[in-house]
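First to last, the protein sequences are chains A and B.
When we follow numbering that gives the first Met the number 0, the leftmost residue of the first sequence carries the number 0, and every step to the right adds one.
When we follow numbering that gives the first Met the number 0, the leftmost residue of the second sequence carries the number 0, and every step to the right adds one.
C-beta: ideal position from N, C-alpha, C; glycine also.
This report refers to the structure that appears directly beneath it.
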Amino acid sequence: MPMTSPDQPDPEGGAAGEPGRAGPPLDADAIVVGSGFGGAVAACRLAQAGLEVLVLERGRRYEAGDFPALPDDATILPDLRRWRWQQDQGLWDVVDLEEIVTVQAAGYGGGSLIYANVHLRPPEEAFDDAWPAVYRGGGALQPFYDLAAHMLEVEPVSAHPAFHGAIVKADQLKRAARELGRETFHPPLAIRYAAGTNVHGTAQEACTSCGHCCSGCAHGAKSTLDVTYLAVAERRGARVRTQCEVTGLGALHDGRWEVRCVDHLVAANVSFRSRYVFLCAGAIHSTRLLARARLPGSGRAAQQLAGVGYFPGGDAVGLVYDTTHDQFPSHGPTITSAVVHWDAEKPRSFFVLEDGGYPREIARIMGVLRAPAWVGRNRLTNVARARVGPSPIPPPPLEPPAAPAGTGLRPPLDALLDAVAQGNFGGVLSDDVRRSLSAFVDELKAPALLPVLVDATLARALRERYGHCWLTRRLDPDGWLLRATTRAFTWVAHRLLGDSSRLAGHALRAMLSAGDLDRAAFLRTVLGLDSAGADRRAMFLCMGRDAATGMLEYDARNDRLVADLELLDLAPGYAQEEQLMADVARALGGELRTNPAWAFLGKPVTVHNQGGCRMSDDPDLGVTTAEGQVRGCDGLYVLDGAILPGSVGTNPSATILAIAERNALAFVRRLAGPSWPDGDASPGAAEYRRNRDGAQAWARRARDEGWAIRPPREAPVALGSSPLGLRFHEVMQGYYQPTRDAPRGDARYREHETAGTPGFPVRLDLDVSVEDLAAFFEDERHRMRVGGTITLRLPDAGGNREESPAVQGTLELMVPRLKAHATEDARRRAAQGLVTGRPHPARRGRPERRRERFMKYDLAFSDHAGRGWRLWGYKRIASQRGLDAWRATSSLFCQLRGPIPRGEAAAVEPGRGAPVGGAGVVHVDLTTFLTCQLPSMEVTGVRDPLTGVEDHARKTWALAKFAAFFFGSLQRVYLPELGSALDALLRAQLGDARHRPAVER
Amino acid sequence: MASAPPAGEAARFPDSEPILVPVGKDPFRLELELRRFGPEAGAGAVLLLHGANTSGDTFLLPDGGLVRYLVERGRQVWLLEWRGSPRIVAKLPRAWLGGSAIEEIRHYTVDDVAREDLPGALAAIRGIIGSGPRLSVLGHCVGGGSLAVAIAGGRLEPFGVERVVLSTLGLFYEVPWAGWIKAEDFLLERVLHDDPGCGGLSPLRLAARDPRAWPWPRVVERAYEGFPGAWLPEDGGRGELFRRLGFMIGPPYAAERLEPSLRDGRRTDPIFGPLHMGLYLHAGQMARRGYAAPLDAPDVIDRTRLGKGRRPSPSPHEYLKPGPFRRLQTTLLCAAANQVWHRDAIDLMHEWLRNHGAPSVKRVFPGYAIQELFWGERAAREVYPVILEAL
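Structure representation (structure tokens):
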């Protein structure tokens, strides 16, 4: 029998097991793993070429009425089935790769079921040297872009006046972009604008502008892969197994492949054999499957590189609330128009901003992004009057109310919420449960949990700590000082917690009016779970050319991947996208909020995973060849987003389709002759020829209407907003002693400081700045830029000549010693280094658990003769006996290196290379710190570029976050116990609150 | 059809007295009822299978219902009261078949329906109409589940059935979360353990003087009392029956969406009757597993105390045989707001059939609860034509 599982539920059928057929033990000529943009193409073209194809898809088969039900306004969590893949093979697969959260589709048709239909061609600049030679410039892919466009019959909304003139959000984005000196364009979409039969003979309905593109089109108006490519494949005899998750892949001795799966429908293991396997399971899962596959010896070298060159596509999402005019985000296809921003400094770098949307049903949940509970950080613009006018487009008609669902049942969660609000659980819970929950109910009756907890914690801590000590009793017998202190601390806490006009205001008001407070309304406000002003919201989706600098590490023990991203590389891109969104938000007169996961956890969310099995001409740089074949593995191909060697900067689906089309054709031609489909009389080949001929019309339209992104002719428009930054001035003075030996250890430096009298004086006047705080926090080396001057006498001039050259360099703030990755393979590291164009840092990895932090200064300057010098120094913060925090943070142990001949300065690494010229210690003195450094602390990028008004919420956030970073680092060194003490205190308070929700005022 | 009865007649008057179909061997012998509507089978005969604990009258509401619709369009309709029908249960002798409740339960499962009731009825029908006319079968709820098992076992093949309609249930058993909690709580198994003489549950509070009235065991009464009010259908004046039914199997319909003449419940209430423990237990077991398997197949946690080890345990994949389905045209009716079974039950069946190359068409009816497929106010416009076309 072909299928080898003893637990075979399908003894007589399915794959090639028809009774009486005694063929070779193959289930198919080719197995296609996954049915997304890569797999659908592979299945279609291989089936057309006459191969027996078996498609294995882990998700469900969705027909128009099958997509998961979204919660409507009345219900929050109705039927949870088929939402998450992990739960019951649902539609969305959310994977936490530790440094990034990825969302991908699971279902027959893959990403096409939930993508926003955009079929956008990247500019030729995107196909740079990272790509195999045949792809460079993108010319070789153009016919295949046309072919894919024809297969999906893509068209921009502008082609249909009924749509083009009816979508308010597109018009508003156009107006806002004009106001910013930019132009929008309409990317082609894979949507049916009119009901009818598509080129493949499948009937489709017309788009109703319901905005459900990303949760599954209930009308069958999206030209998803299951009604296009896969329908053709099935008609040509391809067999499909859905809910059949591939778990393993192995080479058999006879050069064939065995694919092991779990059939989730009947909970059984099955396996299939074939001559060829096409991995098209999405960048994450193809990489994972390849990393754990049992490959022949010749393929091991390629397997080692699986995961190198992963990138998340620069996805960012933003919502603008309370715009001046209506936007109607839930009306129209999810994406209809786009703006391209080209970076003025990096000519090949750009990103796309597209108008987004979401279904009306989740308007209430989308309110969460502006919840005051997010503490003001992601409030990015001051609300001002819009600079664009209202759209003349009439408002869309409201959809007719949906048929009542359910059978006289109240959605349990809603019933529960009502019960909470009313304090009456009679209808929702049985008596037993109710009794045991009475304490919980009491707690919920407290008007506002969070602020009360904060205040109570503070007050209690102060009272317990100081209320009973001798001094307090003497000095403050009436307790007014304690109360005043408590009030002051409370005020500070509320300031720090965020925008006082929102969270603290609401919280205080709620506390003060506890008697007649509408608790439900209060909770809604704090959590933002609110559909108020749903029509005056705009959603933006950005994706850009991020550097392919990530790496996926396979964790064999847990069979999962962990992303190792250089977040510092990604952060500027995200920041730029955020700035453009802020610009547009300002033009619309709204308030921008960005994805809180990125803003708070430093964890971007991506829906565009790519790379991991990158194509390359060089076997040391990529898993796959330019044709998608895994090197050294005859018959094993990767044909999805995993093979992209670099980001194309646009929605990647069109590019994945085009590459898959190219490589599928190349594969077929290797089997059927280089001129296929010409000369092949089979119906499949004839169909391919028809497809190819049909693509001509799309090629013409693409050319005439300019469907590809092109770089601007004039200088690109600059961004109006600036990222949040920080700047301060630091002055240090001290002495050094000429020496030829690099000192080892702090004590040796101190000897040099005091050894020779008089030493050589040094004075540093430094301007330290961070342009983008978000990037600074992400950077594990926390680099700041340093400028300013150094005043010193150089040793080789006999110390007679004082100079004040300008310095430039970096300061690494509060960095731990970094331990090298223990598991990282040298070859992988080398490949990753070559991919990213710089050595892959060997000393990356988790910080050591030592109670030690460094501030490292690396300054370069030139003397009067033009010779280069380096001042390299560190401050060491360690909890050693006899050292205090001030002394540690203010003493810079430095060594002077030089002179360095011209042109070699860049090659000198910190702390080695050039000859040592001297060593010593410089200090910050307390008066200078208080009078100069502290007042110079300035947050940059908080001013509205038009009105010049400072946004205090952002400023507060920046300072608070920086302070938290700096003092938090100090605390972790000196008082690591404090953290756990605070935790314990908070735990105690929470535990206390559960039983006795005392509201202390 | 010159001799078609006038409108409305079909519903009131079957062509003949019910034909009795004897099935099973002593001591488990039962007599099923078969009713015929429409005089001739020229345009095809249709056998309709009701769901468990409802009778074939399901298809006669409202005002002749689906039966009248089909008869008026020239079909001959047969209603089988299989052993899940309250009519059959009412005819059971006072003593347990086979001597004990457990023995009767073992012979009152979906396996037995598929093995005996369906082939018996089809043989009887073919005996009357001959081998010429087309014969199709529609199975609703557990009737559909039994039909699917019978098909997988190849039991329909002797009777020349080419088209089947499975309504809300096929080989896959998925329940909404209220049902899932009951199944995972092993509620019925606990009943058997505490009260081995319990033969079933009835939503009607039948008089205690009838030994077959099956008063609810204490375990179930306690569960019913503890069941959150919000999970039960709102009473809406429908009385205890509807709430108890809602607890046993889930709410079968929402009164406000029924055809207006049925909303007061006077005509729908008598359709529902006791649910035999054998069917209930077997269905609960399959709901836990997710797909159909013989009663003796290994359970997720094997806690059924039904004489384990007396016979070799069959494979849990016994019924997952797609071959016979490839020779049929299957139409699946999916009630999207079904609260008795989850709609996944039929969606997964569709996927399974498509995965194995069996012709399958699925029709989704949004907002329909299980009985609304036949009783809903839009059913005559939306569902009946689909069934007519499919059969």
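If you reduce the DSSP assignment to three classes, tell me which class residue i lands in.
| i | result |
| --- | --- |
| residue 257 of chain A | strand |
| residue 861 of chain A | strand |
| residue 870 of chain A | strand |
| residue 30 of chain B | strand |
| residue 391 of chain B | For chain B, the structure presents residues 0 to 390; residue 391 of chain B sits outside this window and is missing. |
| residue 66 of chain A | coil |
| residue 11 of chain A | Note that residue 11 of chain A scores 40 on pLDDT, short of 50, meaning its location in the model is unreliable; the coordinates nonetheless yield the value given after this. Of the three classes helix, strand and coil, the one that applies to residue 11 of chain A here is coil, per DSSP. |
| residue 340 of chain A | strand |
| residue 75 of chain B | strand |
| residue 936 of chain A | coil |
| residue 822 of chain A | Annotation note: pLDDT 47 at residue 822 of chain A (below 50); position unreliable, coordinate value reported separately. Three-state result, residue 822 of chain A: coil. |
| residue 85 of chain A | helix |
| residue 733 of chain A | strand |
| residue 265 of chain B | coil |
| residue 612 of chain A | coil |
Just to confirm my understanding: we take residue i, look at its own chain, exclude 5 residues before and 5 after, and list those with CB closer than 6 Å. What are they?
| i | result |
| --- | --- |
| residue 687 of chain A | 47, 676 |
| residue 201 of chain B | 213, 273 |
| residue 111 of chain A | 223, 224 |
| residue 533 of chain A | 362 |
| residue 135 of chain B | 45, 162, 390 |
Can you find the residues in the same chain that come closer than 8 Å, C-beta to C-beta, to residue i, ignoring five residues on each side of it along the sequence?
| i | result |
| --- | --- |
| residue 936 of chain A | 725, 726, 727, 958 |
| residue 932 of chain A | 727, 728, 729, 730, 923 |
| residue 390 of chain A | 167, 170, 171, 174, 324, 325 |
| residue 252 of chain B | 267, 368, 369, 370, 371, 374, 375 |
From the DSSP output, read off the bridge partner residues of residue i.
| i | result |
| --- | --- |
| residue 245 of chain A | A/260 |
| residue 209 of chain A | Residue 209 of chain A pairs with nothing; no bridge assigned. |
| residue 654 of chain A | Per DSSP, none; premise fails for residue 654 of chain A. |
| residue 53 of chain B | B/271 |
Ignore the nearest five residues each way along the sequence and tell me which others in residue i's own chain have a CB closer than 7 Å to its CB.
| i | result |
| --- | --- |
| residue 337 of chain A | 183, 184, 186, 351, 352, 353 |
| residue 386 of chain B | 65, 137, 164 |
| residue 504 of chain A | Low confidence applies to residue 504 of chain A: its pLDDT is 47, below 50, so where it sits in the model is not reliable enough to give any reading. |
| residue 281 of chain B | 108, 109, 294 |
| residue 624 of chain A | 614, 630 |
| residue 398 of chain B | This structure cannot settle anything about residue 398 of chain B, because the visible part of chain B is limited to 0 through 390. |
For residue i, go through chain E and note every residue whose CB falls closer than 7 Å to its CB, in chain order.
| i | result |
| --- | --- |
| residue 350 of chain B | Among the chains of the structure shown, chain E does not appear; the protein chains present are A and B. |
Closest to residue i by C-alpha separation, out of the options, would be which residue?
| i | options | result |
| --- | --- | --- |
| residue 700 of chain A | A/158, A/792, A/920, A/722 | A/158 |
| residue 158 of chain B | B/376, B/45, B/193, B/373 | B/45 |
| residue 622 of chain A | A/827, A/96, A/809 | A/827 |
| residue 921 of chain A | A/194, A/35, A/874 | A/874 |
| residue 574 of chain A | A/561, A/313, A/605 | A/313 |
| residue 773 of chain A | A/235, A/578, A/339, A/636 | A/578 |
| residue 734 of chain A | A/343, A/741, A/150, A/749 | A/749 |
Taking beta-carbon pairs under 7 Å, can you tell me which members of the stretch 40-67 of chain A lie near chain B? 59, 60, 62, 64, 65
The stretch 247-265 of chain A: which residues have C-beta closer than 8 Å to a C-beta of chain B, in chain order? 264, 265
Where the stretch 85-106 of chain A meets chain B: residues whose CB sits under 9 Å from a CB there: 87
Closer than 8 Å, Cβ to Cβ, to anything on chain B: give me those residues from the stretch 230-244 of chain A, in chain order. 238, 239, 240, 241, 242, 243
According to a CB-to-CB cut-off of less than 9 Å, which residues of the stretch 324-335 of chain B neighbour chain A? 325, 333, 335
Quick one, which residues of the stretch 348-373 of chain B are near chain A if we go by CB-CB under 8 Å, in chain order? 349, 350, 351, 353, 354, 355, 356, 361, 363, 365, 366, 368
Members of the stretch 274-302 of chain B near chain A, C-beta cut-off 9 Å: 288, 289, 290
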